[in-house]
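**Student:** Dumping the structure here so I can ask a few things about it.
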Amino acid sequence: MTVKRNIKSKPATIVVVTKDKQFMDSLRNNFDENYHFIHSQPVDNLVKKACEIEPDLILKDISRYKNVSLQVFNSLKSDYRTHHIPIIIVTEKEKPNNLEEYFEAGVSDNIAKHFNPTEIRLIINTHLELKQKIDENKEMHFVKTKFFSIMTNDIKDSLLGVKGIAGFLLNDLESESEKTNEVVKMARILYEDSKNLYKFLENLIEWASIETNKKEFKPELINLQEIIHELIDHFNNDIEQKNITLKTDLNKNIEFITDRNGLKTILLHIISNAIKYSNKDGNISIRAESRSKSSNTRIEIEDNGIGMDDDVVKHIFRLDTPHPKTIGTFGEKGIGLGLIICRSILDKLFGKINIESRKHRGTKVTLMIPDLKK
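The opening position of the sequence shown corresponds to residue 0 in numbering that gives the first Met the number 0, with each subsequent residue numbered one higher.
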């Protein structure tokens, strides 16, 4: 029987330290292509080899040795490059007498040499999944740390601008300057910068509340047409200012259960972006259809505005990538968090988002919103 891996990812790389060719062949014959076994001789420098290969797991055969030095295990666990790699020892019998010593030296588990394929699959997959979770948590910690570093710099830059304008205003007022127009101009800049900074902080707080599960989601029956028309009314002035033609293709009977405020926030950000990056006399279309077989509602919001480069689209949801703060076609400033908030809310609503865009050709955002009742 060939063991199949349950983990949906790239093949797991496993270094097998053994002199036993039959054992090596048995592993390869009983596992499928999702497991990549690399043979290593016991005399090899295991720490060096592990650093070169960066395996997901190490299997070390100690079945033919009466006295096994624990030094190699201690070396693997004390080296920052290899300490995260789980180690499973292979023994002749089910458990060695001094198993506790191996665990203290950094060994994660043990298996018998004449293994049952199903049992070894469970043991190996358990440690592979655990390592994967640990690696994902480390990556997420790194990403969030980088994200907050980026956000801190953005806030600092914004405050620097506000501080500078406020300083000019103060100097003019203290010197009783008669340059009223200049003072008014600077006051307007100060107002706009402080307004954008306040909006930025509001979005940052909202994102943090979603990520830390402080924001409560309450599924209820909603009518999609009502929500979208309500949002369009909200943007009437902006639409008229740019003379945008906005067309909707919505069935008034599209109803499903989801969080009303969460969906409104998502649509608010996406429609706002479509308007912001549309040219004068531009076109925006909003289409929706209900897919009864999958219990999903598909919503498309498309514009023919300034669009985005492929590289921007590729990294648009990454927290550790500084997003270019693209200025709208009428000078509107962006804060770079809207789509990240949309993605966070969609994760909570089990929805999906896809973005297609070409520079100077416009953008299409596709949402898949599930009915939470079904």
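We treat Cβ as the ideally placed atom computed from N, Cα and C, and that holds for glycine.
Taking the straight line between their C-alpha atoms, what separation do you get for residue 218 and residue 224?
**Tutor:** 17 Å
**Student:** So, helix, strand or coil for residue 137, using DSSP?
**Tutor:** Three-state result, residue 137: helix.
**Student:** Tell me, which residues are paired with residue 361 by DSSP?
**Tutor:** Residue 361 pairs with 357.
**Student:** How would you write the range of the beta strand (DSSP E) that residue 36 sits in, first residue to last?
**Tutor:** Counting along the chain, the beta strand (DSSP E) containing residue 36 begins and ends at 34 to 39.
**Student:** Of the residues 274, 314, 89, 311, which one's Cα is nearest the Cα of residue 331?
**Tutor:** 274
**Student:** Output the boundary residues of the alpha helix (DSSP H) element that contains residue 237.
**Tutor:** In the DSSP assignment, residue 237 falls within the unbroken alpha helix (DSSP H) covering 235 to 240.
**Student:** Going by Cα to Cα distance, which pick from 49, 29, 20 is closest to residue 12?
**Tutor:** When only C-alpha atoms are compared, the closest one is 49.
**Student:** Is the beta carbon of residue 300 within less than 6 Å of some heavy atom of the ligand NAP?
**Tutor:** Only the bare structure without any ligand can be found here, which leaves the ligand NAP out of the picture.
**Student:** Taking the alpha carbon of residue 35 as the point to measure from, which residue in 22, 56, 51 has its own alpha carbon closest?
**Tutor:** 56
**Student:** Label residue 42 either buried or exposed according to how many other C-beta atoms from any shown protein chain fall within 10 Å of its C-beta, with 16 as the threshold for buried.
**Tutor:** exposed
**Student:** Pick out whichever of 84, 187, 287, 356 has its Cα sitting closest to the Cα of residue 58.
**Tutor:** 84
**Student:** Taking its Cβ as the centre, do 16 or more other Cβ atoms sit within 10 Å of residue 264, making it buried, or is it exposed?
**Tutor:** buried
**Student:** What are the residues that DSSP puts in a beta bridge with residue 56?
**Tutor:** In the DSSP output, where bridge partners are listed per residue, residue 56 has 13.
**Student:** Take residue 5 and list the residues in its own chain whose beta-carbon comes closer than 7 Å to its own, dropping the five residues that flank it on each side.
**Tutor:** Any reading at residue 5 must be qualified, since the residue scores a pLDDT of 48, below 50, and its modelled position is unreliable; the value itself is stated next. Correct list, in chain order: 124.
**Student:** Measuring CA to CA, which of 348, 71, 120 is closest to residue 46?
**Tutor:** 71
**Student:** Considering only the alpha carbon of each residue, which of 81, 349, 254, 64 lies closest to residue 216?
**Tutor:** Out of 81, 349, 254, 64, the CA that lies nearest to the CA of residue 216 is found in 349.
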